[in-house]
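Student: Residue 27 is where the sequence shown starts when you use the numbering used here, and the numbers rise one by one after that. Backbone N, C-alpha and C fix where the C-beta goes; we use that ideal spot for every residue, glycine too. No experiment lies behind these values; they were computed from the predicted model shown.
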Amino acid sequence: MSTTRAGEERQEGGRWAQAGAATMHITQLNRECLLHLFSFLDKDSRKSLAQTCWQLQDVFEDPALWPLLHFQSLMELRKDNFLLGPALRSLSICWHSSRVQVCSTEEWLKSAFQRSICSRHESLVEDFLLQVCHRCPNLESVTLAGCGHVTDDCLARLLRCCPRLRALRLENCARVTNHTLAAVAAHGRALQTLHVDFCRNVSAAGLRHLRAARPRLTLRAEHSAAMIPDQLPRGALGRGPARRARLPASSHGGF
């Protein structure tokens, strides 16, 4: 072998040695770096990466990784790709789907097919929020859009269990009534912002009472009090699905 060829091979070997020395496995990074890397991934990607080894699974389960949760469909609530815990500060469930209109339809107007659609997901959000009430006492912001089956009782429980809640934004939540406004006045001591946009069962009288009770609260109710509330058709009481219907917002208790 010539001297020139031997020298070239030594140089090449040196480059490979340097490259090998510079190679680092992801698990060799410290925890702070791993948390930072995970923070750039969506929930599915975090879960997939966590399944590669126990060290990354441990990072996935670190509460510091989960101060914010955003869901764009109700089915995402069923996935095992997130963590609920005391580190959670902001939660949003924004479902923009044609099925929202079905959920918002008065019960006595739904066909059997529409009721079957709702039966598949009508308790999803409330069951999820019940877990939030138990696990996330430090929650500060909640946004619910298109959650047509969320009830006043569920929101009242949320306000009681999350005393640090500062912002509650509701949009197109057909089951929200003046009872939620009463719960805000009674339990939302830290609440600074309340939106009840396109919530047709919130009345103008209820909004006036809340403004009087909580004058410093930033309250927005776009189109809510101007919309037509749910009303039982005349003579429908006690017949069929109408038994499950609610009274108009103006007749609800609380306000």
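What is the DSSP secondary structure of F108, counted as helix, strand or coil?
Tutor: coil
Student: Applying the criterion that 16 or more other CB atoms from any shown protein chain within 10 Å of the CB defines a buried residue, is C188 buried or exposed?
Tutor: With 16 or more other Cβ atoms within 10 Å, it is buried.
Student: Residues bridged to D223 by DSSP?
Tutor: E197
Student: From the DSSP output, which residues share a beta bridge with C120?
Tutor: A171
Student: Tell me which residues share the same chain as T169 and place their Cβ nearer than 6 Å to its Cβ, disregarding the 5 neighbours each side in the sequence.
Tutor: S118, R195
Student: Closest by CA to L236, which one among G214, L91, I254, D256?
Tutor: That would be G214, whose Cα lies nearest to the Cα of L236.
Student: Just reading off the alpha helix (DSSP H) that T206 is part of, what are its end residues?
Tutor: 204-213
Student: What did DSSP end up calling P267 once you bin it into helix, strand or coil?
Tutor: Here the model assigns P267 a pLDDT of 38, short of 50, so the residue's position is not dependable, and the following value carries that caveat. Three-state DSSP puts P267 in a helix.
Student: Under the DSSP definition of a beta bridge, which residues are partnered with F97?
Tutor: I119
Student: Using a Cβ-Cβ distance under 7 Å, would R237 count as near chain E?
Tutor: Considering every chain present, this structure includes no chain E. It has just one protein chain.
Student: Can you give the beta carbon distance from N164 to T203, rounded, assuming they're within the 8 Å contact cut?
Tutor: Contact doesn't hold; Cβ gap of about 28 Å is too wide.
Student: Are the CB atoms of L184 and L217 within a distance shorter than 7 Å?
Tutor: Not a contact, by the Cβ cut-off of 7 Å.
Student: Using CA atoms only, rank isn't needed, just tell me which of W121, T53, V85, Q54 is closest to S65.
Tutor: S65 has its Cα closest to that of V85, out of W121, T53, V85, Q54.
Student: Roughly how many angstroms separate the alpha carbons of T219 and L243, rounded to a whole number?
Tutor: 6 Å
Student: Could you tell me if C79 is buried or exposed, where buried requires 16 or more neighbouring beta carbons within 10 angstroms of its beta carbon?
Tutor: Its Cβ having fewer than 16 others within 10 Å, C79 is exposed.
Student: What are the residues that DSSP puts in a beta bridge with T244?
Tutor: T219
Student: Tell me whether E102 sits in a helix, a strand or coil according to DSSP, three-state version.
Tutor: helix
Student: By alpha-carbon positions, which one of R57, N107, L207 ends up nearest to H221?
Tutor: L207
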